[in-house]
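Each residue of the sequence shown is one higher than the one before, starting from 305 at the first, in my numbering. Backbone N, C-alpha and C define an ideal beta-carbon position, used for all residues, glycine too. The structure appears right after this line, and notes come after that.
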Amino acid sequence: MLRRIKKDKWKHFFVGIGLGVLLEWVAIHFFPAWHWMASFLVFGLLLAICYGFEIASLVFKRGHYDVMDAVAGIIGGVIGMAVMIAVSFIPG
């Protein structure tokens with residue numbers, strides 16, 4: 305099943321992981337008392353960035369508009385966020 309996923313989607317997936325890690329890291333450090341609220345904010349920002357990039361490619365006719373690219377980026381971003389949340393709970 306993984307072989308049926310196009311290379312382009314994998315690129316968006318891995319960029320989404322990096323974006324999720326980066327945004328969650330910033331949220332953890334700027335809002336340590338409101339950890340879960342910051343995570344919801346990061347998820348909303350992740351949705352806006354991934355889908356907004358696809359909307360921009362549609363409007364400006366640069367690149368190829370594909371909603372599944374945004375979905376792949378969001379899935380990767382959620383995985384990146386989950387990794388950062390798990391790491392933040394490690395004592396030490």
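Residue-level contact to chain B via CB, residue i, 9 Å cutoff
i, result
"Pro395", "The chain labelled as chain B is not found in the depicted structure, where only one protein chain is given."
Cα-Cα separation, residue i to residue j
i, j, result
"Phe347", "Val382", "7 Å"
"Val371", "Leu362", "10 Å"
"Ile394", "Leu326", "18 Å"
"Asp312", "Ala376", "9 Å"
"Ala352", "Val391", "25 Å"
Close-in-space but distant-in-sequence residues of the same chain around residue i (CB under 7 Å, 5 per side omitted)
i, result
"His368", "Ser361"
Range of the contiguous alpha helix (DSSP H) that encloses residue i
i, result
"His316", "Lys311 to Phe334"
"Tyr355", "His339 to Val363"
"Asp370", "Where Asp370 is concerned, there is no enclosing alpha helix (DSSP H), given that its DSSP letter is neither H nor E."
Supposed close pair residue i, residue j - CB separation, criterion 8 Å
i, j, result
"Ser343", "Glu328", "7 Å"
"Ile379", "Gly320", "7 Å"
"Ala331", "Leu345", "7 Å"
Contacting residues, own chain, Cβ-Cβ under 8 Å from residue i (five flanking each side not counted)
i, result
"Phe318", "Gly380"
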